[in-house]
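Written below as structure tokens is the structure these notes are about.
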Ligand SMILES: Cc1cc2nc3c(=O)[nH]c(=O)nc-3n(C[C@H](O)[C@H](O)[C@H](O)COP(=O)(O)OP(=O)(O)OC[C@H]3O[C@@H](n4cnc5c(N)ncnc54)[C@H](O)[C@@H]3O)c2cc1C
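Numbering (my numbering), first residue to last: 6 to 405.
Here's what the structure looks like:
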């Protein structure tokens, strides 16, 4: 009998899980809270075994074709003078071989999902009824339906998570807010990821994209880890307050906010839960094990986790055994992916010119030839070395 799955969230994890389940003949529905796919965000990396998975999905070339052309990472001062440079191939560069805008990736995965997958927008789950033989779902419009399996792929701030795991604190606040938004490109811009550390406590980025615009990110430390719902205007006001007097291109970014229509802004939490499932419902991606952008691993572990979960579901009938296998095979790697480099994020932020100089000279030292050679010896930043996850192989995946 055909099995049915409801997936909440059309980001990276939701459509990847949908892809594999539908390939195995499941009847899959993906719901998304937003009115359309959310295609915002900056460059993200696809590393480790996630590269093998996108290859198996036949989307590797499409992904490579959308490379943003970013040349590497450059630390700059307030006058845009380079203080340290990490070209793409250097040790410590945060620009990897496979770099793609998050929105381009989401679109590619959604387009690759079989036509049988149905996407419903402006839809969320209001309540779940965990039964022995299925899950009763009440949607926000009060209609109800029943599915064999419900999968929460609704991101770091998942509202489906407490309906599955129960109310509890699954968040580990990093003390930092991040924001992403898109601004017009100007003639003086270049194809480097420019990283500016302000003595006012702000870290701001400008990164090239493949659409003739620039991707901005503004980051700052604050104790406020639970803000009330913010409208677009609230987000702009909070960002303008932080950008004021911060130096570099911050006045330009503040002005550009006037015309920005979508902003991702909020506190960064790592998600840590003792279990990822209850009954016939389960979590995947950021909803289960968000590592935050500070690790560069969010998309990678979302793709690997989705692949394992979906292929276990396609291989075994007993959902309890499936969820146990998903955790057994993947929990250790997801946990390791959450490890932050020493001093991150605190060491990167500055509250004085002295600290700014310290950050920039530390970056210059790391970028210097002798340090690069030592890092090479130890394999620092080496993609091959970090590719240490033994991806489970499924007969079902090969035949899908
Ligand atoms: C707009 C946006 C921009 C981002 N930009 C970056 C970036 O620049 N760099 C970076 O490293 N990471 C970024 N991320 C996070 C990154 O996408 C994830 O860490 C990673 O790809 C894992 O993906 P995910 O599918 O688990 O979660 P996400 O990509 O966050 O996707 C979750 C999806 O669920 C939807 N959703 C939320 N609540 C509900 C609900 N109740 N019901 C149904 N759907 C819901 C969201 O709208 C979203 O489409 C961004 C996320 C978003 C949503």
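We put the beta carbon where it would ideally sit given N, CA and C, even for glycine.
Values in this document were obtained by computation on a predicted structure and should not be read as measured data.
- Annotation for residue 142: 11, 130, 132, 133, 134, 149, 150, 151, 152, 155 place their beta carbon closer than 8 angstroms to its own, counting only its chain and skipping 5 residues before and after.
- For ligand 1, a non-hydrogen atom lies closer than 8 angstroms to the CB of residue 185.
- Taking the CA atoms as reference points, residue 25 sits about 35 angstroms from residue 235.
- Residue pairing by DSSP places residue 307 opposite no residue, since no beta bridge is assigned to it.
- If one requires a minimum length of 3 residues, the beta strand (DSSP E) runs lying completely within the segment 192–239 are 198–202, 207–213, 218–226, in chain order.
- Excluding its 5 nearest sequence neighbours in each direction, residue 146 has C-beta neighbours in its own chain below 8 angstroms: 128, listed in chain order.
- Residue 87 carries a strand assignment under DSSP once its states are collapsed to helix, strand and coil.
- Distances taken from the Cβ of residue 113 to the heavy atoms of ligand 1 include none shorter than 8 angstroms.
- The Cβ-Cβ distance between residue 47 and residue 222 falls below 9 angstroms.
- Residue side-chain check: residue 40 keeps its Cβ at 8 angstroms or more from all non-hydrogen atoms of ligand 1.
- Placement of the Cβ of residue 228 at a distance of 8 angstroms or more from every heavy atom of ligand 1 is found.
- Inclusion of residue 211 and residue 22 in the CB contact set at 9 angstroms is not warranted, their separation being larger than that value.
- In this model, residue 63 and residue 327 are separated by some 26 angstroms (Cα to Cα).
- As summarised for the segment 318–358, the continuous alpha helix (DSSP H) elements at least 4 residues long and confined to that stretch are 324–342, given in chain order.
- In this model, residue 340 and residue 192 are separated by some 43 angstroms (Cα to Cα).
- Following the DSSP letters along the chain, one finds residue 110 inside the alpha helix (DSSP H) bounded by residues 107–117.
- Residue pairing by DSSP places residue 9 opposite 32 in a beta bridge.
- Relative to ligand 1, the beta carbon of residue 275 is positioned no closer than 8 angstroms to any heavy atom.
- Non-local C-beta neighbours of residue 65 in its own chain, meaning closer than 6 angstroms and more than five positions away in sequence, comprise 59, ordered along the chain.
- Residue 282 has its CB no nearer than 8 angstroms to any heavy atom of ligand 1.
- The segment 182–191 makes contact with the segment 33–51: 3 or more CB pairs, one atom from each, lie closer than 8 angstroms.
- Placement of the Cβ of residue 188 at a distance of 8 angstroms or more from every heavy atom of ligand 1 is found.
- Where residue 396 is concerned, there is no enclosing alpha helix (DSSP H), because DSSP gives it neither an H nor an E.
- Counting C-beta pairs closer than 8 angstroms gives three or more between the segment 281–301 and the segment 164–172, which meets the contact rule.
- Within its own chain, the residues whose Cβ lies closer than 6 angstroms to the Cβ of residue 89, once the five positions on either side in sequence are excluded, are 80, 368, 369, 372, listed in chain order.
- Taking 9 angstroms as the cut-off, the beta carbon of residue 117 is found no closer than this to the beta carbon of residue 13.
- Here residue 72 has 103, 104, 105, 215 as same chain residues with Cβ atoms under 8 angstroms from its own Cβ, once five neighbours each way along the sequence are excluded.
- Taking all protein chains in view, the Cβ of residue 125 is surrounded by fewer than 16 other Cβ atoms within 10 Å, so the residue is classified as exposed.
- Per DSSP, the beta bridge partners of residue 133 are 142.
- In chain order, 53, 54, 338 place their CB closer than 6 angstroms to the CB of residue 394, counting only its own chain and leaving out the 5 sequence neighbours on each side.
- As a beta-bridge residue in DSSP terms, residue 275 pairs with 177.
- Residue 149 sits in a strand when the DSSP states are folded into three classes.
- Scanning its chain for C-beta atoms nearer than 8 angstroms, with the 5 sequence neighbours on each side dropped, one finds around residue 75 the residues 48, 93, 100, 104, 196, 197, 198, 212, 213, in chain order.
- A distance below 7 angstroms between beta-carbons, with the five flanking residues on each side excluded, links residue 364 to the following residues of its chain, in chain order: 202, 353, 355.
- With respect to the 9 angstroms criterion, residue 34 and residue 123 are classified as neighbours on the basis of their beta carbons.
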